[in-house]
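The block underneath contains the structure these notes are about, expressed in structure tokens.
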Amino acid sequence: MSVHASPSLTFESPEQGPDSQRRCVAVCMGTGCSSSESALVRERLREALVEQGLDAEVEVRRTGCFGFCEQGPITVVYPEEVFYTRVKPRDAQKIVEEHIVGGRPVEKLLYKDPLREQPVQKWHEIGFYGKQKRILLGNCGVIDPENIDHYIAKAGYQALEKCLTQLEPTDVIEEVTKSGLRGRGGGGFPTGVKWGLARKTPRWPKYVICNADEGDPGAFMDRSLLEGDPHSVIEGMIIAAYAIGAEYGYIYVRAEYPLAVRRLRIALEQARERGFLGENIFNSGFSFDLQIKEGAGAFVCGEETALMNSIMGERGQPWPRPPYPAVSGLWDQPSNVNNVKSYAYAPAIIRNGADWFKQIGTPKSPGTAVFALTGMVNRTGLIEVPMGITLREIIFDIGGGIPHGKQFKAVQTGGPLGGCLPEEYLDVPIDFDSLQAAGSVMGSGGMVIADESTCMVEFARFFLKFACEESCGKCPPCRIGSLRMLEILTRITEGEGRLEDLDELKRLSKGLQRGSLCGLGQLAPSPVLSVLRHFEDEFRAHIVDKACPARKCKALITYEVVAELCTGCMVCGRNCAANAITGEKLQPHVIDPELCERCGLCYEVCNFDAIVIKSPR
Amino acid sequence: MTNSIRDIAEEARCIFIIGSNTTEQHPVIGAKIRRAKRHRGAKLIVADPRRIDIADYADLHLQHKPGTDIALLNGLMHVILREGWQDDEFIRERTEGFEELKPVVAKYTPEVVSEITGVPAEDIELAARMMAENRPGALLYAMGITQHTVGVPNVMSCANLQMLLGNMGVPGGGVNPLRGQNNVQGACDMGGLPNVYPGYQKVTDRAAREKFEQAWGVSLSDQVGLTVTEMLDAAERGDVRCLYIIGENPMTSDPDLNHVRYSLQNTEFIVLQELFFSETAQFADVIFPAASFAEKDGTVTNTERRIQRVRKAVDPPGEAMPDHWIIVQLAKRMLALGATTPDPDAPFADWEYQSWRDILEEINALTPIYAGVTAQRLDAGEALHWPVFGPDHPGAPILHVGKFTRGKGRFVASDHTSPAELPDEDYPLMLTTGRVLYHWHGGEMTHRAQGLEAMYPEALVEIHPKDARKAGVADGDLIKVASRRGEIVAKAQVTDRVEPGLIFGTFHFAESAANFLTNPALDPQAKIPEYKVCAVRVEKAGSSLDERAISE
Amino acid sequence: MGTHNDAVDLSLMDDVFREYEGQRGALIPILQKAQEKYGWLPPEVLNLIAKKLGIPVSKVFGVATFYAQFYLERRGRHILRLCDGTACHVRGTPILLTALEEHYQLEPGETTEDGELTVELVYCLGSCALAPVAVLDGEVLGRLRQNMLLRTLKKRIDLAKPA
Amino acid sequence: MINLTINGESITAPEGATILEVARMAGIEIPTLCHHPDLSNVGACRMCVVSVQGARALQTACTTPAADGMVVDTMSEDAVETRKFVLEMLLTDHPNECMTCEVNGDCELQDLVYDYGVKWPEHNGQRHQWEINPDPNPFIFIDRNKCILCSRCIRACNEIQNRDVWNFAYRGFQTKLVAGADQFMLDAGCESCGQCVAYCPVGALYDKMSIGLGRVNQITKVRTTCSYCGVGCNFDLNVRDGRIIRVTSAADAPVNGMALCVKGRYGYDYVHHPDRLTRPLVRAKWLGREAVEERIAAGEWAIFDEAKQRLTHRRPPNDAQTPIPNTQYPNTQYPNTQDLNTQLPPDTFIATDWDTALDVVANKFAETKKKFGGDAFALLASAKCTNEENFIFNKFTRQMLATHSIDHCARL
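Protein chains in written order, with my numbering: chain A, 221 to 837; chain B, 54 to 605; chain C, 470 to 632; chain D, 128 to 539.
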């Protein structure tokens with residue numbers, strides 16, 4: 221490993237700096253956009269520029285996630301910050317010819333806001349970004365995550381330098397504590413205090429561990445951050461290590477995140493080359509290095525003790541605390557585990573001071589919150605908002621409301637260990653404590669919107685099935701109790717439910733909450749309980765009327781042909797694998813409910829909306 | 054054992070096993086050692102010609118040739134002295150003869166030793182370093198050390214090593230022979246030896262003799278008696294006319310069985326007390342059906358000199374009777390016949406024992422090291438390791454604390470001497486013998502324990518793939534193993550647990566007992582036969598032999 | 470454990486062991502590398518790993534079976550990973566599953582008899598914005614509908630005609 | 128030393144002890160399943176949860192160190208309800224077979240279910256249906272349906288025996304206790320020490336040889352010392368109707384504790400083997416033809432079939448797959464020769480009576496001693512006999528026969 225005596229914070233070739241007035245076309249290369257050919261877009265842009273002989277002057281930049289994945293692939297032309305959406309490879313030509321050469325933004329690629337008639341030109345004028353405050357995501361979409369100079373140009377590693385050259389470890393801890401930063405893994409435990417505890421234990425070596433095992437289905441905040449701005453996380457970890465007195469660290473990344481892993485690898489290499497990692501960093505005498513550990517597919521490894529077992533090559537099962545990691549964690553040594561975002565805040569806090577951070581968000585939950593806004597909402601994507609903003613603002617102002625004029629039903633936060641909130645809670649301000657009070661949790665940032673077409677009972681069952689499959693099996697309450705709950709919920713969705721089941725669910729939930737060893741078991745009942753609390757009528761509909769109001773539960777619905785609308789085109793019949801659809805050409809068809817498997821293919825393929833889904837009541 | 058199992062398991066920082074297949078022959082101690090190694094981080098060094106089970110757990114396995122223990126031990130001591138790792142204070146305060154040791158050990162450089170033993174010189178260096186850096190260290194040995202013509206020098210050399218390191222008289226140290234049978238220790242303690250009365254009081258010692266003459270009211274010889282092997286020779290000559298055997302099976306356990314058979318056939322009158330009709334029973338004139346351990350009361354003494362109770366759980370089958378009852382009955386009849394006439398006033402002249410407790414009282418009275426081993430204390434659950442010199446004496450889990458029993462520990466240096474019989478053109482392979490986990494000794498018991506028999510139903514001979522190839526033998530083939538004294542047929546187990554040139558067999562299976570092959574050459578002092586080394590040759594067995602091996 | 474006919478080339482593991490020589494807690498990365506090389510974890514490989522790392526087979530097996538990522542059985546030539554993350558779930562993954570079961574008699578985790586296709590259910594591929602998403606042999610299929618999915622499969626894989 | 132309060136009682140305890148240890152020292156019982164004093168603590172079963180003042184959630188007493196000033200309630204509603212819930216959950220995946228279970232009356236789960244008044248939970252949800260006794264190991268019986276996944280067997284194998292045969296595989300409700308890579312135990316390096324059985328709190332692991340032979344309330348336990356090697360392990364012989372049906376570990380065994388080896392734990396059945404000698408045997412030549420014929424005719428003596436005896440020695444091994452049948456009480460046949468005119472070879476063994484046999488020996492010895500003196504005798508004592516027997520045998524040698532020629536197998 222090459223170790224520079226003193227790493228440089230200046231560019232080695234300044235003109236590459238993103239802030240230079242040089243023209244630049246930024247193409248999002250996050251997982252979302254990549255999965256819709258953004259790499260090809262980038263390629264085509266290059267070629268087009270070469271054709272125009274502009275490849276020298278115009279940079280085509282790979283960037284991390286802009287957040288507005290819904291509209292991906294995203295391409296932004298700097299310095300004007302013109303924001304193109306759903307860019308296809310073939311559009312590259314146009315962008316170069318009309319915009320770069322002609323100076324006229326490409327009308328048809330601009331974002332059309334359903335709420336406004338004029339297409340929006342500039343990035344920050346888009347409603348989706350209107351109410352956002354991007355601290356963590358500030359560099360995402362701006363810098364090339366695979367180029368450390370870009371990070372440095374954005375004041376990167378200055379916080380580290382400040383710590384190592386001007387601050388005592390205790391000062392660092394004090395500053396972070398003062399900032400009021402709370403753990404972004406969902407627990408909301410004060411980060412500074414946590415660091416203080418790990419520092420107090422007089423045993424070495426100590427370890428800092430970054431929990432990037434983002435297991436919540438429907439959450440991709442950490443992934444995007446690692447993909448878009450890996451150095452901010454690394455810098456945060458080094459700062460934490462300095463504060464705690466650790467000399468080695470691990471980033472435990474979910475196996476499903478190959479791109480994040482690749483970008484981290486590159487970032488680590490570059491950081492080592494520049495001497496931000498390694499021995500005697502900034503001549504401070506402080507040395508630190510870290511490595512990536514890839515998870516192997518176990519949600520429970522998001523629990524810190526299970527995560528450490530996994531790093532040690534064991535079955536990812538949690539251990540009862542005490543001993544706490546700060547006292548005895550990885551290989552029985554003092555260890556500090558934080559979420560990706562918690563570390564990533566540290567540099568900004570050190571750079572701008574605790575007070576700057578505190579004036580963002582609310583007194584008890586300062587700073588911003590990052591959410592992956594998904595589900596039945598117009599503008600899905602990755603957002604960062606100041607704490608204290610209401611759910612309504614997020615869903616309707618940022619998210620642009622519910623598509624196809626459907627009715628909002630619930631917002632789910634905190635993933636499988638979180639809860640669902642209905643309409644009447646939309647004005648609850650977002651922060652750790654208010655959400656808890658409302659019966660949900662902050663979680664690590666998943667936010668899924670459910671509309672009228674979502675069956676809340678099935679929704680609850682879905683989360684419990686997940687928890688059940690991910691139970692490590694160590695303690696009986698979770699291992700067996702979660703299965704018993706799942707069996708009841710399944711029964712209900714299949715129309716076999718009884719009213720007593722509702723109390724039984726509550727009883728079992730209590731057992732899990734009280735008796736389980738780790739958070740997974742203790743919180744697994746939360747989604748069910750919140751649905752029971754806010755949508756009991758849907759439960760009753762399933763149990764009493766054997767009806768699924770959302771017309772989702774297969775056992776409680778039938779597909780029927782509306783004779784008036786059916787043209788007898790026979791498409792549905794041809795697609796039906798169960799041969800449940802009969803009917804002469806040009807004659808209205810009929811679906812045999814006995815044979816019908818409820819795969820919904822006919823509903824999907826019918827061009828005349830002649831097929832309807834029915835459920836009693 | 055000079056130390057207790059407990060303190061070896063919990064205190065020793067280095068455990069050196071030489072000539073003991075601990076995990077198979079003393080499995081519970083073996084497990085404790087594995088635990089010490091894996092959960093307590095104790096260093097484990099195993100010296101054995103075979104890659105025995107515990108070798109897989111060892112930090113270091115010294116795979117030395119059979120019969121080269123002295124060379125190996127001297128080599129270790131050579132390195133220790135060269136590096137100045139010896140415990141000078143201990144040597145000064147506690148020992149004598151150190152000066153005589155030096156010149157002998159000086160000759161055994163790692164290179165020289167490597168030549169003799171086949172152990173890489175650097176391993177010898179490493180082993181010595183481990184022992185020096187991890188004290189206290191315990192040395193454990195078993196028949197692998199004693200069953201040689203140099204059995205006694207072997208043991209002495211073990212003691213030398215431990216004294217050199219100052220590992221004597223401390224918890225977690227010591228020279229610790231692991232005794233084979235459940236009460237072999239007690240049998241020795243109780244005078245089951247030709248040269249001593251109970252408690253190792255020499256028959257040649259006048260005071261001792263008079264003590265027992267007064268106790269038993271008869272006059273006693275001051276001539277040492279015969280050892281097992283000498284008995285058989287005497288029987289062969291016809292000098293011994295009556296052989297009285299309790300629960301032993303020389304026809305499987307003694308060396309050179311053909312010779313044993315001849316001797317037994319030659320004996321006029323053989324009385325045997327047994328559980329089963331053993332091989333030896335075929336030569337008996339009278340057989341008394343005896344009781345098993347579960348059918349009688351009394352005490353036994355384990356390898357760490359701890360005296361413990363045996364309790365009657367069930368009645369003996371049929372008319373079978375405990376051995377002590379039988380002996381007492383015989384004694385009374387002989388008294389009645391006037392075969393001997395003890396002085397009636399002698400305190401222990403008579404044979405009126407009501408129970409084992411009465412016998413124990415006589416033991417207490419006549420055996421100083423058992424003086425305090427009373428029924429009361431045993432019933433109270435006291436842990437008593439002899440010597441227990443009186444009712445209030447606590448006993449001694451560790452021997453030689455502060456001072457050796459004989460005063461100063463004596464270094465007795467020995468030189469390497471080759472085994473009595475080594476491979477040659479006619480008998481090119483070396484045979485070493487031992488036992489396996491699932492069987493016991495002659496197998497009188499284990500062959501009749503159905504589970505154990507199921508686990509290990511037939512005799513196996515371990516042979517290295519190289520030698521197997523030479524002999525055209527495949528794994529599972531029946532092979533004939535022949536020595537100058539006899540031959541057996543057994544199944545070949547082709548394995549690299551043994552080195553090329555070495556094969557391993559057991560005497561668990563009467564019809565293919567390795568002791569048809571073993572060499573009766575004795576250690577001149579201890580009179581122990583050289584079971585561990587003899588020369589043999591191996592060939593694939595013909596089908597006729599297959600028949601025999603299976604049908605018999 | 471996995472059924473397999475042709476012998477496994479254990480030498481593939483040599484450089485893996487070299488790479489992790491002396492590293493603490495290397496079991497999981499080694500298993501991952503092994504699976505990269507063999508596509509699954511054959512029994513022989515598990516035994517080899519235990520032997521090389523000096524840890525009991527029972528531990529290697531315990532770890533390999535704990536994590537969803539490891540396969541102790543051979544998988545199909547084509548692998549369809551269907552995302553059932555929350556976002557995808559509310560946007561129709563369940564119905565995609567029904568369609569698959571309907572047309573290929575495949576439950577998640579199963580492989581077609583002809584060993585052509587394995588279908589797996591995964592929780593969030595992180596492309597929630599494209600929900601519902603599936604990955605067929607590494608290629609992301611976004612905003613899926615039943616007929617789209619079925620067509621793609623038919624196009625990509627010649628399966629023994631599903632009943 | 129530290130001071131804490133448990134259930135209102137103030138207790139002084141040594142530093143570093145767990146709440147469980149402190150409570151038990153003070154005679155306060157906290158129920159456990161996965162805990163065993165010999166083994167490391169994992170806090171898995173949740174039975175020992177207690178309320179600790181100031182703690183967010185219930186704490187497992189087996190893993191939580193007692194701290195100075197700590198206030199503990201072992202019977203708080205939360206704790207008690209949690210225990211009931213855990214037991215109920217375990218029962219929902221446990222067969223209701225106590226009636227026929229080997230460990231009925233000797234089962235930690237059964238006792239706790241009773242103590243906490245947990246009712247049998249009826250439900251038609253999923254229950255494990257593992258194959259019963261799937262492993263050919265001749266000593267160890269497995270019924271995974273009864274396994275509560277407490278991992279005591281795993282830890283016993285890893286920490287006491289250090290063989291690492293057992294481990295958990297898979298996860299969640301699918302978690303399965305497996306040997307090696309879900310192999311047969313013997314293929315996974317098992318040496319059949321039976322430690323896993325000894326530590327099993329329920330009937331999931333049991334001694335195959337003892338199945339159906341008697342349950343705890345039907346047997347008497349006799350503490351004794353093993354008859355095999357010199358380690359001196361103690362254990363309890365489980366006796367029913369005059370037969371040893373099982374060997375069980377004794378936690379307070381001074382040398383070995385719970386640990387035993389395969390011979391000690393499973394090598395006891397030779398005691399009841401039909402080959403046992405049950406009558407004194409004397410060669411015909413020492414009895415005199417007339418006596419023999421008379422007494423045989425009178426049905427007092429019998430001819431002993433030597434050949435038959437020797438054969439039984441090499442009985443072909445049992446098929447390890449099938450559980451070992453228990454050997455019947457000795458019933459050795461002594462054929463009565465109808466026709467006394469047949470020549471009776473002088474070397475034929477005659478099953479006689481004690482008086483006859485003892486007299487034959489006493490007379491022979493007395494006569495030999497008179498004629499040839501003590502040197503004509505040689506005696507082999509036994510390392511399998513008690514100290515007392517060896518002592519009087521040594522006395523017999525020296526006092527009765529006037530020789531010192533006594534030895535035993537010490538060297539062999």
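Backbone N, C-alpha and C define an ideal beta-carbon position, used for all residues, glycine too. Bear in mind the structure is a predicted one, so any value in this text is a computation, not a measurement.
Given a length threshold of 3 residues, each whole run of the beta strand (DSSP E) inside the stretch 660-723 of chain A is given here in chain order: 666-671. Taken in chain order, the complete alpha helix (DSSP H) segments of 4 residues or longer contained in the stretch 499-525 of chain C are 512-522. Listed by position along chain C, the residues whose Cβ is nearer than 8 Å to that of Arg-298 (chain D) are Thr-534 and Phe-535. Cβ neighbours of Asn-264 (chain D) within its own chain (closer than 8 Å, five residues either side excluded): Phe-311, Met-312, Leu-313, Cys-317, Ser-319, Lys-335 and Ala-447. If you draw a 10 Å sphere on the C-beta of Ala-378 (chain D), you find fewer than 16 other C-beta atoms in it, and that means exposed. Excluding sequence positions up to five before and after Arg-282 (chain D), its CB lies within less than 7 Å of the CB of Leu-166 and Ser-167, all in the same chain and listed in chain order. Contact between Leu-593 (chain A) and Thr-582 (chain A) is absent: CB atoms are separated by about 20 Å, not below the 8 Å threshold. From the beta-carbon of Leu-522 (chain C), no residue of chain D is found nearer than 7 Å; the closest lies around 13 Å away.
Within the same chain, no residue comes within 7 Å of Gly-245 (chain B) by CB-CB distance, once the 5 residues on both sides are set aside. Per DSSP, Asn-514 (chain D) is one residue of the alpha helix (DSSP H) stretching across 514-522. Per DSSP, Cys-172 (chain D) lies in no alpha helix (DSSP H) segment and is marked neither H nor E.
Contact annotation: Ala-206 (chain D) and Leu-185 (chain D) have beta-carbon atoms nearer than 8 Å. Lys-805 (chain A) has its alpha-carbon roughly 55 Å from the corresponding atom of Val-648 (chain A).
Between the alpha carbons of Gln-733 (chain A) and Ala-564 (chain A) lies a gap of roughly 31 Å. Chain-ordered, the chain D residues with CB closer than 7 Å to the CB of Pro-525 (chain C) read Asp-291. By the 16-neighbour rule on beta-carbons within 10 angstroms, Gly-561 (chain C) is buried.
In this model, Asp-106 (chain B) and Ala-373 (chain B) are separated by some 39 Å (Cα to Cα).
For Glu-257 (chain A), the CB contacts under 8 Å within the same chain, skipping 5 residues up- and downstream, are Pro-293, Lys-308 and Pro-309 in chain order.
In this structure, DSSP gives Tyr-315 (chain B) a helical state, which the three-state scheme calls helix. Contact of Asp-480 (chain D) with chain C is not assigned, every C-beta pair being separated by 8 Å or more. Of all residues in the stretch 514-532 of chain D, those with a C-beta nearer than 9 Å to a C-beta of chain B are Asn-514, Glu-515, Glu-516, Asn-517, Phe-518, Ile-519, Phe-520, Asn-521, Lys-522, Phe-523, Thr-524, Arg-525, Gln-526, Met-527, Leu-528, Ala-529, Thr-530, His-531 and Ser-532, reading in chain order. Per DSSP, reduced to three states, the secondary structure at Lys-332 (chain A) is coil, with no helix or strand assignment. For Lys-766 (chain A), the secondary structure class from DSSP, reduced to helix, strand or coil, is coil. Proximity of chain A to Ala-568 (chain C) at the Cβ level (cut-off 7 Å) is accounted for by Cys-819 and Leu-821, in chain order. According to the DSSP assignment, Met-130 (chain B) belongs to the alpha helix (DSSP H) that extends over 122-136.
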